[in-house]
Amino acid sequence: GWFWSSERGWEIVGFHGPPQRFAARPEVIVPDKGGVDAVDVCVVGSGAGGAVVAWELCRRGIEVVLLERGRAFGRPGDFVATKPDWELEKSPLWQSAAYARIDGGKPQHLDEKLEELLPDFEDTALPSPRERRRVVEGRRGPQRIQRVFGVGGSTLVFEGQCTRYGDDTFKSHTREGVGTDWPINYADIESDYDAIERQLGVSGSPSLPGPPRRRGYPTPPHVLCGASRELEKVCRKLGLHLYTQALASPTRPWKGRPACRGCGCCMLGCGWGAKGDAESAFIRPAVATGRLRIVTAARCTRIEPGRDGRAGKVVYLDSVGKERAIKTRVVVLSAGAVETPRILFCSECGRWPRGAANGSGQVGKNYQETLFSVGYGFLEKPASYVGSPAVDNVIVDFIKGGKGSNRARGFTVSSCIAGIGALGPAGFARRLVSGWGNEHLELMKRNFGHALVLQAMGEQLPLPGNRVELSERTDCRGIPLVLVVNELGENDILMLRHMGEVIRILLEAAGADRPRLANSSYVSRMGIEPRGTCRMGDDAGDSVVDRFCRSHDMKNLYITDASVLVGGMHGNVSLTIQALARRAARHLAESLSRGDL
C-alpha cells in the first residue's frame, strides 16, 4: 500500500497539486529553559488543565513557572500533515511518550463467550498480524496510555470535541442511582465553560442538544463531509438524530488563529495552528503577558513539604538528568491521571506517610477510561471525508441507555476515518484493504472513497479494584513505573455489546457490503482519556480535592487535570478539564490576593 500517496492524498489535506514547502506554525517561545529558584505558583504539566491555569493566572498579574516534561513543538516535521509525504510519516507528537513505560499488570484474557466483540479478520487488513495472533491466542492487548509529552500535552492530537456536561452527569447518582455525584452542579461551572469556548473559538450548531447556554457558539458549525451526510440519511431512516459536532476548530479566523481548513488531520497535530489546542489557545497568550516562564524537558519527580507541612518545593530532573528544586507558595499538579498520582505517591515522607495529599487513601483509586468500539463497511455510494475536521458529527440517542437497554449510562456514535489511520490513500490501503498485487489493486480501486467508518465512545464505570499505584519496577533513572490496573466490569461489557450492535445496525442500514468490527476496548487496552484517580468531593474522607480542585490535606496544592473527574462522561473530557481549571485558577488567585496562601 506504500505507493498510494499521490495527488489524491494531497487533496485530502487541502493542496491542489504538489505541496509547496512552507513553515509550519512556529515553535512557542520558551522564555526560560534553566533553573528557577523560587516562584509564587509552580504548575506541573502544560496540557488542557495546566495551560488554562497558567493563562488565567498570568492575565490576572500573577507570575507563573510551568514545568513541562516534553519539548515545545514547531520544528520542521513536527506536524506531519504539512509535509508532502504526510501519510507515511510517524508523528513526533505521538512518539513523544513512546519511551515512557508503564506497568500494565497481569495479562488479561478474552472470554470465548463474547465472540461478538472480537474483530472481523475476513477480507480486511485490520487488525495487524500481531493483533490477530494475540486475539487467536485469547489475550487482550497490553495496557497503554494515549498521551503526548510536550507543550500543549495531549490536546495537540485530540480530535477537538467540546462537550458540555449537565446535571445529568454531575448528579448521576441522585438522578439515576449510578456512579457518584460531583460536588458541583452545572450552574457552578457554566461561566467557565463559556469563557473557555470563547478562547477556543468553538464552532457549533444551536441545534446540538446540551445543557442551557447563556449564548451561542463563538463560530458557526462546520459543513458535514460526504460520509457524515450519508450517515445523516441513515439516522433519519432509523429515527435517530445526527448533529454537527461542537469542535475547538473555528470556522473563521479567531484570536490570531486561522480558520480550520478541514484537512481531517486533527490527530496528527494542527500544523496550521487553527485547532484550539492548549498551546495555541492558552500557552501563547500566557507567554505574551511576560509573566509565564516555561521550563521544558523538566520531569517532576516529587513534592517536598515546607516547615509548615504544606507543599514547599517541586523537585524535577532537568534535560541532562540533574535534580533541581523550586521553592513555591502554591503547587498546581496537571500532569494527567497517571502521572499526577505517581508524583503524589513518590512524595512519601515523614510528614506524608502515604504520599502527598493522600490522607484519604484515595489517590490512584477510581481509575476510568473512555470505552470505544470501531466498525466499518464499504458502500456503493462515495463516502468522502475530504473538507471537514476528523470528527464533524455526533449521534446522541444512546447517551442515556436507549430503549430496551439493560446497561447504565451511555455512549455517542460518529463517523470518523482518521481514528483508524485510514484518512489518505496510503493509510486506506494499509489499514482497510487486504491482499497483494493485482488483488490489492482491484480492491483499492473499488473501495477507496467508499468506506463508512463508525466509532462509538462511552463511559466506563469505576470499579473498586481499578487503580494506579507505584510498581515494583523502575525506569532507567530508578523512578518507579506506574502500575495501571483496569478490568472491564459487567456494565462495561454490556456497553461494548450495545456499541457493536448499533454500529452494525447503522452500517447495514447504510447498505454496507458487510459490517465489520475493527477494534474495541474489549480487545485493546488503549488508555483513552484516563481519569478519576484524584477525584473531587466535599468529603475529605473519600476524595482527594475539594470543589475548587484544592487538596483537602493542604490548601496550597491544587490538581487541575483529568484526575479530579468523578465520572458520568460519555465523550471528550477536555472542555470540562479546562473549565474546572479556570475555576480553580480563579479560586487560587482570589486566595492569594486575600493572603490565604
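Just so you know, the numbering used here puts 555 at position 568 of the sequence shown, and the rest follows in order with no gaps. For glycine and all other residues, C-beta sits at the position ideal for the given N, C-alpha and C. None of the values given here were measured: they were computed from a predicted structure.
Buried versus exposed, by CB contacts within 10 Å (16 or more), residue i
i: Pro502; result: buried
i: Ala566; result: buried
i: Gln186; result: buried
i: Asp525; result: exposed
i: His96; result: exposed
i: Gly191; result: buried
i: Ser334; result: buried
i: Asp589; result: Nothing can be reported for residue 589: it is not among the residues displayed for the chain, which extend from -12 to 584.
i: Lys93; result: exposed
i: Cys403; result: buried
i: Val138; result: buried
i: Ala572; result: buried
i: Cys212; result: buried
i: Ala364; result: The sequence given here places Gly at residue 364; Ala does not occur at that position. The residue in question, Gly364, is buried, as its Cβ has 16 or more Cβ neighbours within 10 Å.
i: Asn393; result: exposed
i: Tyr86; result: exposed
Sequence-distant residues of the same chain with beta carbon closer than 7 Å to residue i, five excluded per side
i: Cys45; result: Val51, Ala273, Thr276, Arg278 and Leu279
i: Glu224; result: Note on residue identity: the sequence assigns Lys, not Glu, to residue 224. Excluding positions up to five away in sequence, the list reads Ala496.
i: Gly422; result: Leu430
i: Gly260; result: Arg12, Arg244, Pro245 and Ser267
i: Arg56; result: Phe136, Ala285 and Arg286
i: Asp384; result: Leu227 and His228
i: Arg88; result: Asp462 and Leu468
Residue i - containing beta strand (DSSP E), residue span
i: Asp27; result: Ala25 to Val31
i: Phe269; result: Taken as a continuous stretch (DSSP letters only), Phe269 belongs to no beta strand (DSSP E), as it is neither H nor E.
i: Arg311; result: Glu310 to Leu320
i: Ile382; result: Asn380 to Ile382
i: Thr399; result: Phe398 to Ser402
i: Ala395; result: Element bounds for Ala395: n/a, residue is neither H nor E.
i: Gly299; result: Ala298 to Leu304
Local conformation of residue i per DSSP, three classes
i: Pro6; result: Residue confidence for Pro6 is low, a pLDDT of 47 falling below 50, so the modelled location carries little weight; the figure read from the coordinates is stated next. In the structure shown, Pro6 sits in coil (DSSP, three-state: anything other than H, G, I, E or B).
i: Thr283; result: coil
i: Cys186; result: One point to set straight first is that residue 186 is Gln, not Cys, in the sequence displayed. DSSP places Gln186 in helix when its eight states are reduced to three.
i: Gly663; result: No statement about residue 663 is possible, as the shown extent of the chain runs from -12 to 584 and does not include it.
i: Tyr230; result: strand
i: Lys224; result: helix
i: Ser178; result: helix
i: Arg126; result: strand
i: Leu504; result: strand
i: Met444; result: strand
i: Ser360; result: strand
i: Glu219; result: helix
i: Ala261; result: coil
i: Val472; result: strand
i: Ile386; result: coil
i: Ile132; result: coil
i: Leu255; result: helix
i: Thr142; result: helix
Own chain partners of residue i with C-beta closer than 6 Å, once the 5 adjacent residues on each side are dropped
i: Leu54; result: Val31, Val282, Ala285, Cys287 and Tyr303
i: Glu516; result: Thr357 and Val560
i: Ala25; result: Lys314
i: Glu219; result: Leu229
i: Ala395; result: Val165 and Asn478
i: Gly293; result: Gly299
i: Gly351; result: Pro328, Arg454, Val455, Glu456 and Thr520
i: Pro589; result: Past the edges of the chain, shown from -12 to 584, lies residue 589, and the structure says nothing about it.
i: Gln447; result: Gln355, Glu356, Leu358 and Asp479
Residue i CB to nearest heavy atom of the ligand COA below 7 Å
i: Ala174; result: The ligand COA is not among the ligands present in this structure, which contains no ligands whatsoever.
Residue interval of the alpha helix (DSSP H) (run including residue i)
i: Phe157; result: Asp154 to Phe157
i: Glu495; result: Glu477 to Ala496
i: Lys432; result: Gly424 to Asn434
i: Ala576; result: Ser561 to Arg581
i: Thr167; result: Run containing Thr167: none; DSSP gives neither H nor E here.
i: Leu419; result: Pro412 to Leu419
i: Glu459; result: From DSSP, Glu459 is part of no alpha helix (DSSP H) but of the beta strand (DSSP E) over Arg454 to Thr461.
i: Val328; result: A small correction: the amino acid at residue 328 is Pro; Val does not occupy that position in the sequence shown. Segment Glu326 to Cys333, the alpha helix (DSSP H) holding Pro328.
Cβ-based neighbour list, residue i, same chain, cut-off 8 Å, excluding 5 preceding and 5 following
i: His209; result: Ser190, Thr231, Gln232, Leu234, Ser236, Thr238, Cys247, Gly249, Ser375, Pro376 and Asp379
Proximity test, Cβ basis, 8 Å: residue i and chain B
i: Asn393; result: In the displayed structure, chain B is absent; only one protein chain is listed.
Contained beta strand (DSSP E) runs [length at least 3] in the region 38 to 111, N- to C-terminal order: 51 to 54
Could I get the ranges of all uninterrupted beta strand (DSSP E) runs contained in the region 516 to 558, with 3 residues as the minimum, in chain order? Along the region 516 to 558, the beta strand (DSSP E) occurs as fully enclosed runs of 3 or more residues at 544 to 546, listed in sequence order.
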